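Have a look at the structure below, then the notes.
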Amino acid sequence: MAYPYTHPSEVRVLSKYFGDPGARTLKGWEARGGYRPLRKALGMGRGDVVNEVKASGLRGRGGAGFPTGVKWSFMPQASERPHYLLCNADESEPGTFKDRELIRWTPHALIEGCLIGAYAIRAQHAYIYIRGEFFEPTQILAKAIEEAYAAGYIGKNIMGSGVDIDLTLHLGAGAYICGEETGLMNSLEGRRGEPRLKPPFPAVSGVFGKPSTINNVETLIAAALIVENGADWYRQWGTEKSTGTKLFCVSGHVERPGNFEVPMGFNFKEFIYDVCGGIPHGRKLKAVIPGGSSVPILTADEIDIGMDYEAMAAAGTMLGCGSVIVMDDTTDIVKQVRRMVDFYAHESCGQCTPCREGTAWAAKILRRVENGWGTEADLDTLLDISENMSGKTICVLSDAAAAPIVSSIQKFRTDYLALIRRGESLAAAR
Ligand SMILES: Cc1cc2nc3c(=O)[nH]c(=O)nc-3n(C[C@H](O)[C@H](O)[C@H](O)COP(=O)(O)O)c2cc1C
1 MAYPYTHPSE VRVLSKYFGD PGARTLKGWE ARGGYRPLRK ALGMGRGDVV NEVKASGLRG
61 RGGAGFPTGV KWSFMPQASE RPHYLLCNAD ESEPGTFKDR ELIRWTPHAL IEGCLIGAYA
121 IRAQHAYIYI RGEFFEPTQI LAKAIEEAYA AGYIGKNIMG SGVDIDLTLH LGAGAYICGE
181 ETGLMNSLEG RRGEPRLKPP FPAVSGVFGK PSTINNVETL IAAALIVENG ADWYRQWGTE
241 KSTGTKLFCV SGHVERPGNF EVPMGFNFKE FIYDVCGGIP HGRKLKAVIP GGSSVPILTA
301 DEIDIGMDYE AMAAAGTMLG CGSVIVMDDT TDIVKQVRRM VDFYAHESCG QCTPCREGTA
361 WAAKILRRVE NGWGTEADLD TLLDISENMS GKTICVLSDA AAAPIVSSIQ KFRTDYLALI
421 RRGESLAAAR
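Position 15 of the sequence shown, counted from 1, bears residue number 15 in the working numbering, the numbering being contiguous throughout.
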């Protein structure tokens, strides 16, 4: 099958050039209209760039969905201190694989997005913090940055505009916590990747103690397209409060896993059964995680909703970064949750006691239940630990670990009980 498979319901705006190796080179990118958005942005006032992005309703694609233009407008207007634009290309959320694809196919789109973001927030230096394990995307991006420097798109007096912006590609060592914005800043400074207390917020004191803005790869690429085509163009897709298109990464039990770009608000059920081809081997859907492993699980009966921030919140979950993990009726939910919690226990930076102790303790109990040695009281303990892990730590890694525990016990209690009862009867027979 040609890559990428494109469903008729898709609107490929960000992913238009997936599968087109010609778009990777500077010449190829220019031939496809590349660097037009940057030229346009540099001809606009910085405030006008911010206002256009604000008017578009674009919300951050890194997970929290914070409005991008509003975030940009928090940066000081008249400060003499250096400003920094950080691009978060860590892509560490389990189930997510969109940013690395955007970089692999359209590295210059990201460079443009970074330069436009940096211009808007008065930054003279932008950093792309990329996960070091992304070997191929890193090589492609490094080459594109070299080409863009040589062509005068990055550096001093960009395209004769009088604007100077440098761009540095920084490789992380591969830690989930370094995707958290202040953990990333610490890591970039050469410190341990531990999140910082907020306030002060990054716009006041970010990387190197200077005003900083951090955005996800997909966010910055969308922002460049908005500057080129206008806020109304972007608003033609999506809902009132969740505008534009979004890349969704689909993994698990579907006929067609992969990256799909659909307008925000697209029906989730139709997405799974039509765009992704449904569940293989005639099996039934059991559960879906709609936004990366950090968000509450939905049952098969809960998916007739829009793929937008508001509809997902109304259903008790989150759109997150748009990573859809599909599980059919053969899935052992307890095992899946245990694996996720093992991940969070491994990735906890250890600064906050509820996270350090809570994730490890919950993983231990989940393993016990999975192996048939659990009791019903363990479920209460898990809920109690989860309660103490939520809203009580410096960053939300701890909350993220608690979400699948709580939602799975609430929605799939019978699965937990089945393992507990089986263990009890085996013990009685011994
Ligand atoms: C533990 C943790 C890991 C995160 N990992 C990522 C990541 O890999 N990529 C990302 O863009 N955002 C990640 N985030 C969200 C960032 O902290 C931040 O909100 C985001 O980069 C802001 O960009 P946006 O406004 O464009 O969404 C993570 C957050 C947490 C708490």
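All C-beta atoms in this analysis are idealised placements derived from N, C-alpha and C, irrespective of residue type, glycine included. Remember, it's a predicted structure, so these values are computed and weren't measured experimentally.
Apart from the 5 residues on each side of it in sequence, Arg61 sits with its Cβ closer than 6 Å to the Cβ of Asn216, Glu218, Thr219 in its chain, given in chain order. Beyond the five residues adjoining it in sequence on each side, Cys321 comes within less than 7 Å, by CB distance, of Arg61, Gly62, Gly63, Glu93, Thr96, Gly291, Gly292 in the same chain, given in chain order.
With fewer than 16 other beta carbons inside 10 angstroms of its own, His346 counts as exposed. His281 sits in a helix when the DSSP states are folded into three classes. Contact between the segment 258-273 and the segment 240-250 is established, with three or more Cβ pairs separated by less than 8 Å. In this chain, the beta strand (DSSP E) harbouring Thr168 covers 166-172.
At least one heavy atom of ligand 1 falls within 6 Å of the beta-carbon of Asp90. Between Gly358 and Ile385, the beta carbon gap of about 5 Å places them in contact (Cβ cut-off 8 Å). When the alpha-carbon of Asp304 is set against those of Ala118, Arg283, Cys178, Ile272, the nearest one is in Ile272.
DSSP, read as helix, strand or coil, puts Ser425 in helix. For Glu181, the Cβ falls inside the 6 Å cut-off from some heavy atom of ligand 1. Checking the DSSP bridge columns, you'll see Val50 has no partner listed. Relative to ligand 1, the beta carbon of Cys395 is positioned inside 6 Å of a heavy atom. Secondary structure of Met327 (DSSP, three-state): strand. Between the alpha carbons of His170 and Trp373 lies a gap of roughly 46 Å. Here DSSP, grouped into helix, strand and coil, assigns Ile214 to strand. Taking C-beta separations shorter than 7 Å and ignoring five residues to either side along the sequence, the partners of Arg192 in its chain run Asn186, following chain order. Per DSSP, Arg256 lies in no alpha helix (DSSP H) segment and is marked neither H nor E. With fewer than 16 neighbouring CB atoms inside 10 Å of its own CB, Tyr3 falls in the exposed class. For the set Val11, Pro67, Phe412, Ala429, the Cα lying nearest the Cα of Thr213 is the one of Pro67. If the five residues before and after Ala402 are omitted, its C-beta is found closer than 6 Å to the C-beta atoms of Ser386, Met389, Ser390, all from its own chain and listed in chain order.
A residue is called buried once 16 or more other Cβ atoms fall within 10 Å of its Cβ, and Gly43, having fewer, is exposed.
Val337: member of the alpha helix (DSSP H) spanning 333-347, first to last residue.
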